[in-house]
């Protein structure tokens with residue numbers, strides 16, 4: 009299996025609902041360093057999994073729709089805790105849609121799996137990994 | 009599949025038995041940066057895999073039982089080489105026990121897999137990955 | 009010159025005032041990885057600059073007073089933009105006060121300089137460096 | 009499953025053929041930080057997956073055959089784009105051959121899988137993962 | 009003293025002249041991760057050293073003039089070895105010129121010093137540090 | 009001012025004397041990632057501060073004299089606590105001696121300053137910086 013991984017980041021505010029979260033129930037924020045891994049069993053005719061430049065652009069466009077925002081006010085996340093693992097899934101879904109729209113090129117149809125990892129600090133991260 | 013990963017570290021002394029180890033047969037030591045990844049297929053009612061704060065506490069408690077020690081003198085490791093990969097398994101087993109005791113909360117029962125990675129330097133690491 | 013550096017982090021919300029900041033004028037947030045470097049020309053009788061454990065505790069206590077908060081509502085920062093470089097100075101001042109109170113031990117009086125660096129992402133950081 | 013991962017690097021020149029590559033069609037170059045992960049289900053009699061020192065030597069020997077070269081002139085890569093993911097596979101194949109020759113010792117026959125990851129910058133990487 | 013540091017990267021081919029360089033006399037290449045630190049004694053009216061977004065743009069524009077090229081063919085470097093430390097100085101000079109042109113804004117006139125660091129691998133880097 | 013920095017590592021056992029050290033009074037160990045920065049005001053005739061390959065060799069030779077050892081039994085450190093900052097100085101002294109012996113080449117006489125940094129974990133480091 010071949011993979012390509014690209015990196016971006018976003019800086020957001022949010023708060024969590026639930027006693028388990030302690031002081032994180034207060035409005036606070038995070039920088040998320042976002043890694044997206046694309047997987048496919050064979051390379052395409054150009055010897056690539058996906059063009060790294062194009063994959064980076066697609067990721068950055070998705071992150072621009074999230075960064076510099078208070079996620080508590082985003083209609084898409086209403087009633088949910090925007091935990092690191094939850095956001096990994098939300099970005100996974102948006103990348104899958106981008107592939108479906110052809111934003112990553114025709115060859116991207118051969119991508120079988122994606123893993124989205126968000127690093128919230130130097131000591132904690134979360135991910136969502138799925139097939140497409 | 010969703011994951012959450014938390015990080016801690018320990019600083020230990022040990023020596024290895026076996027000619028393959030060359031100068032590492034002498035008493036020496038290591039800092040191990042320890043990453044523990046928890047996996048489950050669905051998020052719980054709080055939108056989490058496991059609470060990052062609680063997971064960090066459980067990991068740190070386990071590492072406090074190992075750090076600042078000479079592992080050659082630990083009864084639990086008698087007759088074994090405390091290699092990086094061996095220690096990854098030892099920490100995996102202790103985390104599995106902690107989950108069994110409920111230290112990570114009731115929701116942690118839905119955790120299906122764990123991966124423990126120990127970084128022994130900037131150029132070498134080892135891990136153990138298993139289901140629970 | 010000898011140094012010791014310890015690391016902690018905080019997760020905060022804030023917004024900026026000024027057209028130069030573009031979308032960062034909206035409420036957003038950041039994880040700041042915080043490195044504090046302590047400098048002195050000679051080691052003390054224990055062969056240390058400062059005890060790393062104690063320095064980490066002092067840093068963590070200061071960061072607990074900032075993390076999981078909306079800095080726009082902190083009286084101490086009223087009317088200021090809580091930029092990364094500004095926060096580096098704010099933490100510098102609090103460490104200097106902690107040394108003055110003796111929180112780092114008597115030997116810490118020999119510390120001549122401190123540098124506080126905040127990493128706001130994998131591609132940007134800021135610092136304040138001063139004598140004490 | 010147990011793993012051991014070792015790291016090396018190489019510094020090469022190359023160019024790509026295909027309009028998708030834009031300015032990367034020009035002769036340019038890269039530092040590749042190379043991580044090789046070895047996997048096996050059980051440890052050997054020495055409590056290891058593979059000797060880290062020996063694995064590092066095998067990797068460095070392979071990288072010495074690639075580094076400080078213009079890959080456009082390497083017969084082994086003629087007519088191919090030496091993309092990061094393509095090179096990950098090329099190194100995978102050479103490690104598999106080294107194991108077959110016994111360069112990693114007899115115990116290395118129990119290795120079931122290998123993952124080779126090449127980091128081409130702080131924001132992009134690629135890998136090949138396969139069984140042996 | 010306050011600092012702000014931003015990061016970019018470039019991927020180039022080159023060769024070196026001089027027996028001291030051994031196999032690096034052959035055409036090869038490198039990824040350089042480039043950190044630029046800006047220093048000034050006081051913050052401006054916006055509480056910043058320099059706008060991080062604008063500084064990143066200026067750095068990226070300079071790096072676009074170098075990346076995806078064979079530096080052996082660049083007239084600006086004719087007759088020189090484009091070592092990591094030499095390139096750190098070349099980028100320093102271009103940033104100083106950009107400040108002189110006002111590309112970083114009027115407030116950037118208060119910047120007193122710059123440090124440019126190029127990481128050529130996980131185990132080697134070089135820098136040039138100067139006043140402006 | 010120009011710099012070049014090279015990296016190596018060592019893995020040692022030791023214990024500390026003094027109540028301030030708490031559990032670190034027990035025999036334990038550490039991996040130290042060691043960065044050595046060489047500084048000089050002008051480049052030499054080859055456009056370098058010091059040859060990176062040669063500097064790496066000199067550093068590795070020094071580290072081979074320390075790694076895989078119990079520092080409590082090293083005559084050179086008798087009666088001292090081999091703290092991270094203390095070891096940074098010890099390595100600084102050995103590099104200065106290597107330069108004096110000509111191990112880094114004749115050009116290395118122009119080196120004016122050296123900084124040795126030891127990373128003992130992902131959250132703590134220490135250094136010694138001096139002129140030569």
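Chains as they are written, first to last, in the working numbering: chain Z, 9 to 140; chain W, 9 to 140; chain Y, 9 to 140; chain A, 9 to 140; chain L, 9 to 140; chain X, 9 to 140.
Quick reminder that beta carbons are idealized off the backbone N, C-alpha and C, glycines included.
Segment limits, beta strand (DSSP E) that includes residue i
i: residue 42/Z; result: 36-48
i: residue 13/Z; result: 10-22
i: residue 126/X; result: 121-129
Cβ-based neighbour list, residue i, same chain, cut-off 7 Å, excluding 5 preceding and 5 following
i: residue 38/Z; result: 20 and 128
i: residue 96/A; result: 124, 125, 126, 134, 135 and 136
i: residue 62/X; result: 112 and 113
i: residue 80/A; result: 22 and 23
Residue environment, residue i, which counts as buried when at least 16 other CB atoms sit within 10 Å
i: residue 109/Y; result: exposed
i: residue 25/A; result: exposed
i: residue 16/X; result: buried
i: residue 199/Z; result: Residue numbering for chain Z in the displayed model covers 9 to 140; residue 199/Z lies beyond these limits and cannot be assessed.
i: residue 75/Y; result: buried
i: residue 32/X; result: buried
i: residue 53/Z; result: exposed
i: residue 114/A; result: exposed
i: residue 84/L; result: exposed
Cross-chain neighbours of residue i in chain D, by beta carbon under 8 Å
i: residue 78/W; result: This model lacks chain D altogether; the protein chains it does include are Z, W, Y, A, L and X.
Alpha helix (DSSP H) segment containing residue i, residue limits
i: residue 71/Z; result: 60-72
i: residue 139/Y; result: Taken as a continuous stretch (DSSP letters only), residue 139/Y belongs to no alpha helix (DSSP H), being part of the beta strand (DSSP E) at 132-139.
i: residue 56/Z; result: Looking at the DSSP string, residue 56/Z is not in any alpha helix (DSSP H), and its letter there is neither H nor E.
i: residue 30/W; result: Neither: residue 30/W is in no alpha helix (DSSP H) and is coded neither H nor E.
i: residue 102/L; result: 92-108
Other residues of its chain near residue i: CB distance less than 8 Å, five sequence neighbours each side excluded
i: residue 34/L; result: 23
i: residue 10/L; result: 47, 48, 49, 50, 51 and 57
i: residue 140/A; result: 104, 107, 119, 120, 121 and 122
i: residue 60/L; result: 12 and 14
Chain-order list of residues whose beta-carbon lies under 6 Å from that of residue i (same chain, five-residue window excluded)
i: residue 93/W; result: 134
i: residue 45/A; result: 11, 13 and 123
i: residue 111/A; result: 66
i: residue 43/Y; result: 13, 15 and 125
i: residue 160/W; result: As displayed, chain W neither begins before 9 nor continues past 140, which places residue 160/W out of reach and without an answer.
i: residue 55/Z; result: none
i: residue 68/Y; result: 16
i: residue 78/W; result: 21
i: residue 72/Y; result: none
Assumed close pair residue i, residue j - CB separation to whole angstroms, cut-off 8 Å
i: residue 41/Z; j: residue 70/Z; result: Incorrect: roughly 14 Å between the Cβ atoms, too far for contact.
i: residue 130/L; j: residue 130/W; result: 6 Å
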